[in-house]
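Chains as they are written, first to last, in the numbering used here: chain A, 2 to 473; chain B, 5 to 189.
No residue lacks a Cβ here, since even glycine has one placed at the ideal position from N, Cα and C.
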């Protein structure tokens, strides 16, 4: 089971996508709501328009036709009656025919149409229209039949009587027209009332819609603000992460650069060291070769063993240098104290058969020298110690060899002293042509030092050499 | 103890209040019941003829004096015909019809005028909206003022001010002037 946590960028990205999806979902819902409301309003308006148009066309046509019928009945009833002076049968018959023709034309009010238009019908208009239509039709049939009979009878007495009856029926028809006129007025009133109610309903609906739209707008605005705010926050977070990453990369790059520089420096150093080591080895081997050559020139054929022993000690001093160099931290500098302590141990081990209780005392400051300086110092000490071991303690069972290294502001002073029998002539020592002494003098010169000899209370040789040479 | 007394007093007051209302209703009913139907009237001489679905079957003929004996109702509202505010006084149409013995299953009436105008009225409407058969307008009888003489002796009036849900454009057609005939259907 992995316990890896998602990266902040991935989490922020997912959150951003979720918010975007929610935003679009809300937006789509709101658009659907707006569309629904809009379509509903359109339907209502178109329905009202259609109803109004239909009703107005119907009522206008019927009113016009109705007026023609009323006028024709009025015209007819204003004519002189049969028996009155001025009565004219043909003219009255013609007027009666015109009235019947006009009365046939109007389309009767349709109760079903009225019921659909008026809705609540407290005046029973649809029912009354139906009854009125029935009466109207019945009377029209009677008038038509009476007119037909009159026309068949012609301008006779019977014909005039029939015409009289027709005119009486026409008066009744006129009363029916009055009722019908009133019905028209009431229908119009009811229609306008219904229409007004519908308009009020539409107005209320539009008011609700306005509120809905306001709410939707506010919602959209709120959602948009929230979305963009969140988006901004996510962007800010991502930017912060990017900046943080950039800083990390920069830091890592700097660290890598520093490490590379260190490595390069170490490589360079290593390269220099290798060269130095080779150089040192070459020098050491040259030195060894020189020592062998010198030893050869001075070798006593009867005492070769001692010569080789001395040579061995000198070579050992050189070898010890390389050993210490290989163990040193920087492969360049060697602790003087460590080196001399080991060197003295080695020299002591070579004393098989020599004085049994010779001890070394090492007093040294904390100095570190390069092989170039330490090798001459080591050889000087080797020569001086070997010399002490050979001559100072001949008749003494015990002795002390003291090796000290001190320093002043500008110089080191190396002191090698023993408490044994000093030689009688100091000058002879200094001017001796022995290999050991020549080596000491030569090596002292190599480190830029000066040698002093003190034979009071033993042999004490002090070599002073400058700092700059010693620290190289 | 005090709480018990207070509760008892409240119950007593409530009982008396209810009893008072019942008594008032009874007294009104008994007042209407005690109105005698006039004798010797004919359809021609009567001021109002009620016929159709009546419990007694026979038409009920009423004169103005009898109608005036009914408890009078008064209200002020804008008249839908002249657009002016008037004070109307008359008897509840439902009281008169109840006194005439209207059939309980009747759903409407048709009020006709002397000028042949007629209009149906739903029972729920005239009972709910307390239609009155008015005899006075602005404290005088219709016939006493030439401006209102054409409204006849009796006229239907509706209190539009108390019933705003009634559209005057429609219901004004039920304000029958010269009302003289009620057909119970």
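Excluding the 5 residues flanking it on each side, residue 347 (chain A) has same chain C-beta neighbours closer than 6 Å at 317, in chain order. Non-local beta-carbon contacts of residue 65 (chain B) in its own chain, meaning distances under 6 Å to residues more than five positions away in sequence, involve 45, 50, 53 in chain order. Looking at the DSSP output, residue 336 (chain A) sits in a beta bridge with A:369.
Within the segment 224-292 of chain A, complete alpha helix (DSSP H) segments of at least 4 residues are not found at all.
Closer than 7 Å at the C-beta level to chain B, one finds these residues of the segment 119-133 of chain A: 123, 124, 125. In this structure residue 147 (chain A) touches residue 166 (chain A) by the C-beta definition: roughly 6 Å separates them, less than 8 Å. Among the residues facing chain B, residue 140 (chain A) is not included, as its CB has no counterpart in that chain under 8 Å away. By the neighbour-count definition (other C-beta atoms within 10 Å, threshold 16), residue 258 (chain A) is an exposed residue. Spanning the alpha carbons of residue 78 (chain A) and residue 93 (chain A) requires a straight line of approximately 9 Å. Boundaries cannot be given for residue 134 (chain B), as no beta strand (DSSP E) includes it and DSSP labels it neither H nor E. Burial is judged here by how many other beta carbons sit within 10 angstroms of a residue's own beta carbon; residue 130 (chain B) has at least 16 and is buried.
Here residue 124 (chain B) is bridged, per DSSP, to B:114. Residue 335 (chain A) and residue 276 (chain A) have their alpha carbons spaced roughly 18 Å apart. For residue 312 (chain A), the CB contacts under 7 Å within the same chain, skipping 5 residues up- and downstream, are 292, 293, 296 in chain order.
Residue pairing by DSSP places residue 363 (chain A) opposite A:404 in a beta bridge.
Taking residue 112 (chain A) as the centre and dropping the five residues before and after it, the same chain places the C-beta of 127, 128, 130, 131, 134 closer than 8 Å to its C-beta, in chain order. The beta carbon of residue 173 (chain A) does not come within 8 Å of any beta carbon belonging to chain B, so the residue lies off that interface. Among the residues facing chain B, residue 190 (chain A) is included, as its CB has a counterpart in that chain under 8 Å away. Annotation for residue 76 (chain A): 96 place their beta carbon closer than 7 Å to its own, counting only its chain and skipping 5 residues before and after. Residues 187, 191 of the same chain have their beta carbon placed closer than 8 Å to that of residue 124 (chain A), with the five preceding and five following residues left out of the count. Here residue 54 (chain B) is bridged, per DSSP, to B:64, B:186. Contact between residue 415 (chain A) and residue 464 (chain A) holds, with the beta-carbon distance rounding to 5 Å and staying under 8 Å. Annotated as distal: residue 135 (chain B) and residue 106 (chain B), with beta-carbon spacing of 8 Å or more.
Cβ-Cβ distances below 8 Å link residue 177 (chain A) to 133, 136, 137, 140 in the same chain, with the five nearest sequence neighbours on each side left out; the list follows chain order.
At a cut-off of 8 Å between C-beta atoms, residue 187 (chain A) counts as an interface residue with respect to chain B. Of the other Cβ atoms in all chains shown, fewer than 16 fall within 10 Å of the Cβ of residue 330 (chain A); this residue is therefore exposed.
Nearest C-alpha to residue 301 (chain A) among A:40, A:150, A:180, A:436: A:436.
Distances from the CA of residue 92 (chain B) to each of B:169, B:181, B:184, B:143 were compared; the closest alpha carbon is that of B:143. If you look at residue 417 (chain A), you'll find it in the beta strand (DSSP E) that goes 412-419.
In this structure, the straight-line span from the alpha carbon of residue 91 (chain A) to that of residue 119 (chain B) is close to 35 Å. DSSP places residue 455 (chain A) inside the beta strand (DSSP E), whose first and last residues are 451-455. Counting only runs of 3 or more residues that sit fully inside the segment 169-225 of chain A, no beta strand (DSSP E) segment turns up. Around residue 194 (chain A), the beta-carbon contacts reaching into chain B at under 8 Å are 171, 173, 174. By the Cβ test, the segment 450-463 of chain A is in contact with the segment 423-434 of chain A, since at least three Cβ pairs between them sit closer than 8 Å.
For the pair residue 187 (chain B) and residue 87 (chain B), the CB atoms are not nearer than the 8 Å cut-off.
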